[in-house]
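S.K.: What follows is a single structure, and I will ask about it in a moment.
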Ligand SMILES: [Zn+2]
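In my numbering, the protein residues as written are 395 to 645.
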């Protein structure tokens, strides 16, 4: 009988160790990419959040809500499924978790999402403007204007706000006929940017690139309010450099 109890105990502790370690890789990954945000100057205080998904497990790790960056650790990350149910973690998950969940659920080829209120990208979101493609820095990453989704309706805001934010992004891509694997960034009108990618690192990279493009576009308009958009020949050249059969882009 005693042997039986011992075996049972060992069995349960093995399960607990398995469950704990099962998510360690995405907790570690989410921790590392979240720590990139303050280093890149993309966040103030606790603003911003990045998540890291494991598609085979159907979950993602996201930053806990309201914890300063210097107090974060991999263990503090919260594990959530694509319906935004918390699966593992002691802290409250980021308030933007439902937006991340909706995007993961609908866009099957992304495994990282970043959200910041970085100053220049957010300024364009507040102005409710697409960021015009003015130069080749922009064209190296996107060959169209960076889309700005419409501000959300009163019904959406009163309802399941964070979930609806995700829906608003997906609807914007449908209406504008955009491919989420081609354009990995969006501004949400009145709010701020969201970026994503095949990896959490790419999502953060895209946040930094977007901020840079947003800054340059603002300066361009200040210097010349009538600055023309990038010539079609250059847009085509940069598109082909990235996607054509003879693509060679990668500085
Ligand atoms: Zn936000």
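Don't be surprised by glycine CBs; every beta carbon is placed ideally from N, CA and C.
Short of 6 Å in beta carbon distance, which residues of its chain neighbour residue 432, apart from the five on each side in sequence? Order them along the chain.
M.R.: 463
S.K.: Hey, is the segment 513-526 in contact with the segment 578-594, meaning 3+ C-beta pairs nearer than 8 Å?
M.R.: Touching, yes.
S.K.: Around ligand 1, what residues have a beta-carbon under 7 Å from a heavy atom of it, in chain order?
M.R.: 490, 509, 511, 585, 586
S.K.: So does the segment 610-620 actually touch the segment 570-578, counting three or more Cβ pairs closer than 8 Å?
M.R.: no
S.K.: Who are the Cβ neighbours of residue 493 in its own chain at under 6 Å, not counting the five residues just before and after it?
M.R.: 556, 559, 560
S.K.: Taking the DSSP output, what are the residues bridged to residue 591?
M.R.: 506
S.K.: When you compare the segment 477-491 with the segment 537-550, are there three or more beta-carbon pairs, one atom per stretch, that lie closer than 8 Å?
M.R.: no
S.K.: Name the DSSP beta bridge partners of residue 581, please?
M.R.: 542, 587
S.K.: For residue 620, tell me which candidate among 474, 407, 496, 526 has the shortest Cα-Cα distance.
M.R.: 526
S.K.: Comparing C-alpha positions only, which one of 547, 563, 488 sits nearest to residue 501?
M.R.: The candidate whose alpha carbon is nearest that of residue 501 is 563.
S.K.: Whole angstroms is fine: what's the gap from residue 623's alpha carbon to residue 539's?
M.R.: 9 Å
S.K.: Going along the chain, which residues of its own chain have a beta-carbon closer than 6 Å to the beta-carbon of residue 423, five neighbours each way excluded?
M.R.: 446, 594
S.K.: Identify which residue in 566, 418, 533 has its Cα closest to the Cα of residue 633.
M.R.: 533
S.K.: Answer yes or no: do residue 420 and residue 455 have a C-beta to C-beta separation smaller than 7 Å?
M.R.: Contact flag set, yes.
S.K.: For residue 443 and residue 566, I'd like the C-alpha separation in whole angstroms.
M.R.: 22 Å
S.K.: Have a look at residue 460 and residue 601 and give me their C-alpha separation to the nearest angstrom.
M.R.: Rounded to whole angstroms, the gap between the alpha carbons of residue 460 and residue 601 is 20 Å.
S.K.: Cβ atoms of residue 589 and residue 604: under 7 Å apart, would you say?
M.R.: yes
S.K.: Identify every residue that forms a DSSP beta bridge with residue 443.
M.R.: Checking the DSSP bridge columns, you'll see residue 443 partnered with 509.
S.K.: Once DSSP output is grouped into helix, strand and coil, what is the label at residue 626?
M.R.: helix
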